[in-house]
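In our numbering, the protein residues as written are 12 to 317.
Heads up: the structure comes next, in structure tokens.
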Amino acid sequence: MSKTVALTGATGFIGRILIARLVASGWKVRALARQIPSNQDFSFVEWIHGDLDCEGALCELVSGTETVIHCAGAIRGKSWDDFFRTNVTGTRNILQAASGALSCSRFLFISSLVAREPHLSWYARSKFEAEQLIPEFSGLASAIFRPAAVYGPGDKAMQPFFQAMRYGILPVPGNPGNRFGLIYVDDMVAAIHNWLEAGQSVKGTYEIDDGTPGGYDYTSIAALAEQALGRPVYRFQIPLGGICILARFNLWLAHFLNYAPILTPGKVMEFQHPDWTCDISSLQKELAIWSPVTKLETVLPLLVRM
């Protein structure tokens, strides 16, 4: 009988690539979705219609599965309640369903590196508070992955930066010297897959990036883009006052027009933080066969031209 894994966030950026990796390695995937994809590429997935608020759907999702990989989460919102409802309450709901399933013994939570600075934003706080729920469910062998910025084809968050570099401009929303980690989506998926194959021994919280010593800053990325394009790429530092005003206006407009914004004062605080680099040595020690293989300079020519 094939092994079965339950997956939330299956239709997202990471989830879509993870599904293909899991199926290729012999896992049967049962996935939760509000809208079940009609794409034939997902025909090999057992889809459960529902969301993280639906107790019945979550129980159906985890029934008979060995492991839950929880990728779903809100990355945008106009209030703390928007993030709390999905990232905290939703995580508690899936943990309760998993702990109540006799077959389920493992749980992997895909959090975010910003969870280590929960005071910065609603998003960071919600991810941190969701992580704090894990120890309450001691019957599950659980791990938390805190990735730095995940990028690659299909990513909408960093696509504007890559597109701007195509025209010779790199927008800089923070201090040009701020350092941050990056990880290519295939390497992120490989880490998840290797955790899954490693068994119950890998527990704890792990930060993940591509292992570049000291990470990146905007100067180094501009230099890499110049090499990829063969022409100058100029850093354009967005004035802090201007981006703060824009973020506050965007948040006000979101309340008025009822949409979920990505640019908020909290997101500006995340941009201003000086150090989003990682130490991946502990994860490499636990996942002996995993190591990031893709550096930004390798794929930047493709991403800039997409």
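In this text, a Cβ means the ideal position worked out from N, Cα and C, and glycines have one as well.
If you're wondering where the values come from, they're calculated on a predicted model, not measured in any experiment.
Here's a check: name, in chain order, each residue in its chain whose Cβ is nearer than 8 Å to the Cβ of residue i, leaving out the five neighbours to either side.
i: Ile194; result: Pro158, Ala159, Ala160, Val161, Tyr162, Ile219, Asp220, Asp221, Pro303
i: Glu77; result: Lys14, Thr15, Val16, Ser114, Cys115, Ser116, Arg117
i: Asn205; result: Leu298, Ile300, Trp301
i: Val310; result: Gly163, Tyr195
i: Ile291; result: Tyr217, Glu218, Ile219, Asp220, Gly222, Pro303
i: Ala236; result: Met176, Leu181, Val244, Leu311, Val315
i: Ala209; result: Glu297, Leu298
i: Thr305; result: Tyr195, Asp197, Asp198, Asp221
i: Glu147; result: Leu106
Assuming contact is defined by CB atoms lying nearer than 8 Å, are residue i and residue j in contact in what I supplied?
i: Val40; j: Glu57; result: yes
i: Arg103; j: Val315; result: no
i: Trp287; j: Arg190; result: yes
i: Ile20; j: Tyr134; result: First, the residue type needs correcting, since residue 20 is Gly and not Ile in the sequence shown. No, these two residues do not count as a Cβ contact at 8 Å.
i: Pro272; j: Arg87; result: yes
i: Ala83; j: Gly101; result: yes
i: Asp197; j: Ile28; result: yes
i: Glu308; j: Gln248; result: no
i: Leu324; j: Phe156; result: Within the shown structure, residues of the chain are numbered from 12 to 317, placing residue 324 beyond reach of any answer.
i: Leu72; j: Ala108; result: yes
i: Phe24; j: Gly165; result: yes
i: Arg246; j: Pro187; result: yes
i: Leu240; j: Asn261; result: no
i: Ser74; j: Ala112; result: yes
i: Glu128; j: His284; result: yes
i: Val200; j: Arg32; result: yes
Among the residues of its own chain, which have a CB less than 7 Å from the CB of residue i, if the five just before and after it don't count?
i: Met12; result: Caution applies to Met12, whose pLDDT of 42 falls short of 50 and renders its modelled position unreliable; the value that the coordinates give is listed next. Hits under 7 Å: none found.
i: Arg259; result: Pro276
i: Gly215; result: Ala154
i: Ala85; result: Asp93, Phe94, Thr97, Asn98
i: Ala175; result: Leu181, Pro182
i: Ile105; result: Thr19, Leu63, Leu69, Val79, His81
i: Ser36; result: His204
i: Lys5; result: Outside the shown range of the chain, which is 12 to 317, sits residue 5, and nothing can be said about it.
i: Ile47; result: Trp58, His60
i: Val213; result: Ala154, Trp206, Glu297, Leu298
i: Cys289; result: Leu124, Ala159, Gly192, Glu218, Ile219, Asp220
i: Asn269; result: none
i: Ile254; result: Pro184, Val279
Count the other CB atoms within 10 Å of the CB of residue i; is the residue buried (16 or more) or exposed (fewer)?
i: Trp301; result: buried
i: Phe53; result: buried
i: His130; result: exposed
i: Met317; result: exposed
i: Lys296; result: exposed
i: Leu264; result: exposed
i: Ala168; result: exposed
i: Gly26; result: buried
i: Glu142; result: buried
i: Phe55; result: exposed
i: Gly226; result: buried
i: Tyr229; result: buried
i: Glu281; result: buried
i: Ser293; result: exposed
i: Ile256; result: exposed
i: Gly185; result: buried
i: Ser49; result: exposed
i: Phe172; result: buried
So does residue i have its beta carbon nearer than 7 Å to some heavy atom of the ligand NAD?
i: Leu268; result: Looking at this structure, you won't find the ligand NAD or any other ligand, since it has none at all.
Within the same chain, show all residues whose beta-carbon is closer than 6 Å to that of residue i, passing over the 5 residues directly before and after it, in chain order.
i: Gly150; result: Ser110
i: Ile145; result: Ser153
* Those runs of the beta strand (DSSP E) which lie wholly inside the region 187 to 221 and span at least 3 residues -> 193 to 195, 215 to 219
* Counting only runs of 4+ residues fully inside the region 40 to 103, write out the alpha helix (DSSP H) ranges in chain order. => 66 to 73, 91 to 94
* Going along the chain, which unbroken runs of the beta strand (DSSP E) with 3 or more residues stay wholly within the region 225 to 295? -> 245 to 248
* Complete alpha helix (DSSP H) runs within the region 105 to 182 (minimum length 4 residues, chain order) -> 133 to 142, 170 to 177
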